[in-house]
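Residue numbering for the sequence shown follows my numbering, beginning at 339 and increasing consecutively. Beta carbons are placed, not taken as given, at the ideal position from N, Cα and C, and that holds for glycine. Only a predicted model underlies this, so the values are computations on that prediction, with no experimental measurement involved. Report on one structure; see the data block that follows.
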Amino acid sequence: MKVRVSIGTLALIRGEGIKQLAPPTTAYMLQFSESGCAARCAFCPQSSASRAPRDRLSRVLWPAVELEEILPRLRIFRRLCMQSVIKPGFVEELGSLLDTLSGVGRPISLAVTPIPLYALRRLVAKGVDYLGVGLDAFTPRIFREIMKPYSWSTYISFMKRGVEVLGRGHVVVHLIAGLGESLREAIDTMRILVGIGARIALFAFTPVKGTPLEKCAPPPLRYYRSLQLARLLIERGYDIYRVAEIRGDELRIRNGPWLRDAEDAFLTSGCPDCNRPFFNESPRGPLYNIPSRRLLEATRAEWSDFLRGVVF
Ligand code: SF4
């Protein structure tokens, strides 16, 4: 069965990990479709609204390989992530892919658009412990503008069902910063999603040539750092508006115990062991999502300067 594999995942499989600044700790795979995804998301190179090559997702190359070929090497990763596209028969195909992947003996994340509950249960039973959901937009308005498939409320219902099936903290919502949301809108949506039992995987918008949003700019790094801190505080259970306030597009945070290990906010967020190295940024930086503790240490000057500026 053919799948796409992120180029960083493939490099590690082929024994070239030594050359990588931060090797992926999860194996990232994408369902193969010659014509891409039937959805029309404006930011995505897989979308049917895009003229970009079909071997791209964000800024990363995803070559097509035979799953059987890479299967024996997948044990070198701590987690396997199978991402879906919408195409005829994609749920059935996901079932076959998961049947094969479950033999690897690693935890599996499945990233999928809303599917019926019976189908979700069937797929989860094949060894999935985390569900990724690409809501992508921080507000219903942006959701419509970027032409997401289905509706905002369909996604919210699907996440709630996901929490019922997999448990609190086992649904991870992908959100893309920089599509026109304000910091307050982003924070309010993260509070709602964490309130229903989900967690947040933050992405920075990355313009890709050939997509309708190719001319838009990525978000300012300081805005993204504010979002990352807000995400950490919300997931740690703090009432964000008690411990922090919004000034313009930045967070100001009171000094207190909630800032313990605050730098962890800048590491990639998502399922356990998901580090998505350089998915949104060039390895030359600036690094929106920092994929390893070693790189967190190497970039200390940047984020500690940011922290000093926002704590009061
Ligand atoms: S957070 Fe990472 S491992 Fe989880 S579904 Fe998203 S990309 Fe996959």
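Cβ-Cβ distance between residue i and residue j below 8 Å
i: R417; j: C554; result: no
i: R522; j: I584; result: yes
i: T451; j: S495; result: no
i: V510; j: A542; result: no
i: G516; j: V471; result: no
i: K547; j: A390; result: yes
i: A387; j: R378; result: yes
i: L395; j: L435; result: no
i: A600; j: L565; result: no
i: M420; j: I446; result: yes
i: T637; j: A380; result: no
i: T655; j: N618; result: Only positions 339 to 650 of the chain appear in the structure, and residue 655 is not among them; the question remains open.
i: W641; j: R574; result: no
i: V429; j: I453; result: yes
i: L469; j: Y493; result: no
i: P362; j: P615; result: yes
i: I345; j: L399; result: yes
Cβ-Cβ separation, residue j to residue i (assumed contact under 8 Å), whole Å
i: L570; j: D602; result: 6 Å
i: V462; j: L504; result: 6 Å
i: L513; j: I480; result: The pair is not a contact, with the Cβ atoms about 10 Å apart (cut-off 8 Å).
i: V648; j: I578; result: With a Cβ gap of about 13 Å, V648 and I578 do not count as contacting.
i: V466; j: V403; result: Incorrect: roughly 22 Å between the Cβ atoms, too far for contact.
i: L567; j: L540; result: Not a contact, Cβ separation roughly 11 Å.
Candidates the options: closest to residue i by CA position
i: V528; options: R590, S607 and L551; result: Just to set this straight, residue 528 is Met in the shown sequence, not Val. The shortest Cα separation from M528 among R590, S607 and L551 belongs to S607.
i: L432; options: R389, D393, R378 and S371; result: S371
i: P401; options: F650, D393 and G575; result: D393
i: C612; options: P557, Y488, T347 and S491; result: T347
i: L634; options: S491, A349, A360 and G507; result: A360
i: I587; options: R413, I578, Y561 and R598; result: The displayed chain sequence assigns Asp, not Ile, to residue 587. The residue with the shortest Cα to Cα distance from D587 is Y561.
i: L531; options: P545, P557 and W490; result: W490
i: R460; options: W596, D437 and G623; result: D437
i: V442; options: G427, L469, I414 and I453; result: I414
i: R632; options: W596, Q384 and Q358; result: Q358
i: R482; options: Y576, L458, R352 and G518; result: G518
i: A349; options: S385, R411 and C382; result: R411
i: C382; options: H508, E552, I351 and I525; result: E552
i: R506; options: S520, A524, G533 and P487; result: G533
i: S440; options: K464, A582 and V341; result: K464
With 16 other Cβ atoms within 10 Å as the buried cut-off, status of residue i
i: F476; result: buried
i: N627; result: buried
i: M497; result: buried
i: Y456; result: exposed
i: F650; result: exposed
i: P595; result: exposed
i: R598; result: exposed
i: S373; result: exposed
i: A639; result: exposed
i: P690; result: Outside the modelled stretch of the chain, which goes from 339 to 650, sits residue 690, for which no answer is possible.
i: P426; result: exposed
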